[in-house]
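Encoded as structure tokens, the structure appears first; notes follow it.
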Amino acid sequence: MKDTKAKVTGIGGIFFKCNDPEKVKAWYGKHLGLAVNELVTNALKHGFASGESGEIGVEIRSDNESGGLKLAVRDTGKGFPQDFTPETTPSLGFQLVLGLTSQLEGRLEINTPDSQGTEVAIIFPLPDPTPHPQAPKMV
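Quick note on our numbering: the sequence shown kicks off at 9 and runs consecutively.
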């Protein structure tokens with residue numbers, strides 16, 4: 009019997025979890041796509057620089073502490089250097105992440121759980137569901 013289950017192939021899989029997928033879907037592409045792309049690229053480029061295997065996960069969920077949303081990118085790679093500070097890094101990509109975090113009126117958190125891997129999270133308020141006054145009317 010042929011196995012018809014979907015499989016993840018290639019260098020790894022990215023899995024998205026969210027409470028309201030339809031609400032997040034359109035908003036994600038506009039506001040979070042660049043940040044996710046940059047954070048996943050950084051994890052691949054720096055966390056697994058020597059070709060080690062590992063995992064990268066992406067999650068969007070409610071943040072109970074702030075009442076907003078939390079976008080987290082986690083990896084099981086080597087982690088950031090001890091002296092890493094996002095505000096002073098010359099990395100253009102991380103400067104982009106900081107700029108996007110600011111546009112979202114959010115904050116950036118970097119954690120190294122159990123001294124292995126890295127979690128970079130952007131915590132930001134829920135988007136305003138009120139349409140812009142000049143937005144076209146939906147029929």
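Idealized CB from N, CA, C, for every residue including glycine.
In the structure shown, what three-state DSSP assignment does residue 75 receive? coil
Quick one: residues in its chain with C-beta nearer than 8 Å to the C-beta of residue 87, no 5 flanking neighbours on either side, listed in chain order? 55, 120, 123, 124, 125 and 126
Look up residue 63 in the DSSP assignment and give the residues it is bridged to. DSSP, once it has assigned bridges, lists no residue as partnering residue 63.
Coil, strand or helix - residue 100 by DSSP: helix
Express the C-alpha separation of residue 102 and residue 63 in angstroms, rounding to a whole number. 20 Å
Check whether the stretch 93–113 and the stretch 39–56 touch, using three or more Cβ-Cβ pairs below 8 Å as the test. yes
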